[in-house]
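Colleague: There's a structure below that I have some questions on.
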Amino acid sequence: MSGHSDGFWWSPDGLRLHYRDYAGGDDGRPPLLCLPGLTRNARDFEPLAERLAGEWRLICPDMRGRAESAYAKDPMTYVPLTYLQDIGRLLADLAITRFVAIGTSLGGIIAMLIAATHREWLAGALLNDVGPTLEEAGLARIRTYVGIGQSHPSWVHAARALEESNRDVYPAYDLERWIAVAKRLYRLNSAGRVVLDYDMRVAEPLRLTGGEEAAVDMWPVMAAFRGIPTTILRGERSDLLGDATARRMVADIGESADLTVVPNVGHAPALDEPESVAAVDRLLARVLHG
Numbered sequence: 007m008s009g010h011s012d013g014f015w016w017s018p019d020g021l022r023l024h025y026r027d028y029a030g031g032d033d034g035r036p037p038l039l040c041l042p043g044l045t046r047n048a049r050d051f052e053p054l055a056e057r058l059a060g061e062w063r064l065i066c067p068d069m070r071g072r073a074e075s076a077y078a079k080d081p082m083t084y085v086p087l088t089y090l091q092d093i094g095r096l097l098a099d100l101a102i103t104r105f106v107a108i109g110t111s112l113g114g115i116i117a118m119l120i121a122a123t124h125r126e127w128l129a130g131a132l133l134n135d136v137g138p139t140l141e142e143a144g145l146a147r148i149r150t151y152v153g154i155g156q157s158h159p160s161w162v163h164a165a166r167a168l169e170e171s172n173r174d175v176y177p178a179y180d181l182e183r184w185i186a187v188a189k190r191l192y193r194l195n196s197a198g199r200v201v202l203d204y205d206m207r208v209a210e211p212l213r214l215t216g217g218e219e220a221a222v223d224m225w226p227v228m229a230a231f232r233g234i235p236t237t238i239l240r241g242e243r244s245d246l247l248g249d250a251t252a253r254r255m256v257a258d259i260g261e262s263a264d265l266t267v268v269p270n271v272g273h274a275p276a277l278d279e280p281e282s283v284a285a286v287d288r289l290l291a292r293v294l295h296g
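To convert, count from 1 in the sequence shown and add 6; that's this note's numbering.
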């Protein structure tokens, strides 16, 4: 069961934002709050929803400036603290006070901020290929493509472009898989061209000393995850989350943390690899049964 309803909420500064709501069961399980990466959107969690919806409720927001959410008037609001405020308003509107945070890349930074400010909300957390320290190689690579508009005549052309620039991230993907990735990252515009589905201005804060998150020491936040079932997911080929960082995260969090390394994948695991599936299932079993 993977059908969803579309919902909308208003940000504190008046933007109309969108989320997908996949229904769960009626046994009182906490919902999964799925937070996407910098240039991604709610569609990124379709594989997870196809597997879990029906048993688990999934709330998958489009952050401001992405997909069906409004673009910000001020591009300097494309920063983690503003996203945190937006998510806080969504949770208040939905009367959700406890959930499992599943955050990929930027979404994981938002999850860390939730832990720092509202630890009591977290029934569990998955931090997908992100940590308190980000490798400069990965940040440099991200800066080479974020905010640069692309236009393609067909989905196959978009998929081929993705393959060319990301074959080191997903070396085992075939064309069918790249087309699926393209349909989550791009949209069809009114002229029939395939274009990226986010505001190119999300790159502007990154041009200022690497973005707001780079100026804050996030290591003390790891203590907030102690006692909360927490999974650290790292792509074996990741250039953003280093092996030493991931292991230090587990050491800082302690017994409630679990580290899974997904082989032959870079930044970031798509959450449908066998190792990712097993890691998610272990996390949710711990949420349910302790």
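All residues carry an ideal CB built from backbone N, CA and C; glycine is no exception.
Values in this document were obtained by computation on a predicted structure and should not be read as measured data.
1. Can you tell me where the beta strand (DSSP E) with V200 in it begins and where it stops?
2. Could you tell me the distance, in whole angstroms, from the CA atom of E261 to the CA atom of R243?
3. Please look up how many angstroms separate the CB atoms of L239 and D135, rounded, as I've assumed it's under 8 angstroms.
4. Under the rule that 16 or more other beta-carbon atoms within 10 Å means buried, what is M7, buried or exposed?
5. With DSSP as the reference, label V372 as helix, strand or coil.
6. Using only CA atoms, which one of P226, S157, L44, P81 lies nearest to P67?
7. DSSP state of I65, grouped into three classes?
8. Starting from the C-beta of N195, find all residues in its chain whose C-beta is less than 7 angstroms away, skip the five residues before and the five after it, and write them out in chain order.
9. Mind checking whether D258 and A229 have CB atoms under 8 angstroms apart?
10. Can you give the Cα-Cα distance for S75 and H295, rounded to whole angstroms?
11. Would you say D32 and G13 are within 8 angstroms of each other, going by their C-beta atoms?
12. Under three-state DSSP, which class holds T236?
13. Kindly identify the DSSP beta-bridge partner or partners of V162.
14. I need the boundaries of the beta strand (DSSP E) containing H24, first residue and last residue.
15. Looking only at DSSP bridge pairs, what is L39 linked to?
16. Looking only at its own chain, which residues have a Cβ that is under 7 angstroms from the Cβ of G20, when we skip the five neighbours before and after it?
17. Cutting at 7 angstroms between CB atoms, please list the residues of its own chain near A167, excluding the five before and the five after it.
18. Hey, G109 and W62 are a contact pair by Cβ (cut 8 angstroms); roughly how many whole angstroms apart?
19. Do the CB positions of P37 and L64 come within less than 8 angstroms of each other?
20. Beta carbon of D50, beta carbon of R190: below 8 angstroms?
21. Does the distance from the C-beta atom of V227 to that of M69 stay below 8 angstroms?
22. If you run the structure through DSSP and keep just helix, strand and coil, what is L132?
23. In angstroms with no decimal places, state the Cα-to-Cα distance between R199 and V286.
24. Taking a contact to mean a Cβ-Cβ separation below 8 angstroms, would you say A116 touches L181 in this structure?
25. Starting from the Cα of V256, find the closest Cα among R232, D245, S171, A188 and give me that residue.
26. Helix, strand or coil, according to DSSP, for L294 in the structure here?
27. Which whole-angstrom value is the C-beta distance of E297 and L277, which I expect to be below 8 angstroms?
28. So for E281, helix, strand or coil by DSSP?
29. For the beta strand (DSSP E) containing Y84, name the first residue and the last one.
Modeller: Looking at the atomic coordinates:
1. 200-202
2. 26 angstroms
3. 6 angstroms
4. In this predicted model, M7 has a pLDDT of only 46, less than 50, meaning its place in the structure is not dependable enough to derive any value.
5. Because the chain in this structure spans residues 7 to 296, residue 372 falls outside the shown range and cannot be described.
6. L44
7. Annotated three-state conformation of I65 is strand, per DSSP.
8. V201
9. yes
10. 36 angstroms
11. Taking 8 angstroms as the Cβ cut-off, D32 and G13 do not qualify as a contacting pair.
12. It is a strand residue.
13. For V162, which the question treats as bridged, DSSP gives no partner whatsoever.
14. 22-28
15. I65, A107
16. none
17. Q156, H158
18. Not quite, the Cβ-Cβ distance comes to about 16 angstroms (not below 8 angstroms), so this is no contact.
19. yes
20. Yes, the Cβ-Cβ distance between D50 and R190 is below 8 angstroms.
21. no
22. strand
23. Going by the C-alpha atoms only, they are around 36 angstroms apart.
24. First, the amino acid is wrong: residue 116 is Ile here, not Ala. Cβ distance not < 8 angstroms, so I116 and L181 don't count as in contact.
25. R232
26. helix
27. Here the chain has residues from 7 to 296 only, and residue 297 is not among them.
28. Three-state result, E281: helix.
29. No beta strand (DSSP E) holds Y84; DSSP gives it neither H nor E.
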